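So the sequence shown is residues 3 to 121, counted in the working numbering.
Where a beta carbon is used, it is the ideal one built from N, C-alpha and C, also for glycine.
Predicted model only: the values in this text are computed from it and were never measured.
What follows is a set of notes on a single structure, which appears directly below.
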Amino acid sequence: MKLYGLRIFVNDIGKAKEFYAETLGLPLSWDMPELGAFGAKLDNAELIIEQAHNEEDREYIGRFLGASLQVDDIVDTYERLSEKGVAFSSPPEKQVWGGVLAHFHDPFGNVLTLLGEPR
């Protein structure tokens with residue numbers, strides 16, 4: 003078994019594409035505007051962003067995903083994304099297990115995490 007992808011529900015697919023593709027700089031691997039969805043391939047998994055089409059899907063917007071995006075230089079990435087208006091809950095912090103994390107929100111309230119190594 004392996005991870006195929008992680009689905010994130012949003013209420014504005016255009017705004018989501020601007021955030022994930024332009025602000026975060028994730029390369030889109032596919033785009034289906036007629037379905038209100040797009041994907042970004044990250045190593046061996048797919049980040050799938052979907053327009054919430056019904057009440058059940060809308061309940062998933064803005065929940066903590068536990069999704070971590072690994073970066074080479076977390077401080078540089080944090081500073082660059084902060085300058086672009088990304089809302090972080092705190093600056094990068096070293097964790098007791100050795101890694102460094104910084105949580106941020108997409109425009110819909112979904113929480114994601116930057117993961118990096120300490121300097």
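Beta-carbon proximity of residue i to residue j, cut-off 8 Å
i, j, result
"residue 112", "residue 49", "no"
"residue 13", "residue 42", "no"
Beta-carbon contacts of residue i that lie in its chain and below 8 Å, excluding the five residues immediately before and after
i, result
"residue 106", "83, 88, 89, 90, 91, 113, 114, 115 and 116"
First through last residue of the beta strand (DSSP E) which encompasses residue i
i, result
"residue 31", "30-34"
"residue 9", "7-12"
"residue 39", "39-44"
"residue 23", "First-last for residue 23: undefined, no H or E at that position."
Close Cβ partners of residue i (< 6 Å) along its chain, the five nearest in sequence each way excluded
i, result
"residue 62", "11"
Close beta carbons around residue i, own chain, < 7 Å, minus the five adjacent residues each side
i, result
"residue 97", "103"
"residue 86", "25"
"residue 70", "115 and 117"
Collapsed DSSP secondary structure at residue i in the structure displayed
i, result
"residue 73", "coil"
"residue 96", "strand"
"residue 64", "coil"
Exercise for review: Report yes or no: do the region 45-65 and the region 8-20 share at least 3 C-beta pairs separated by less than 8 Å?
Suggested key: yes
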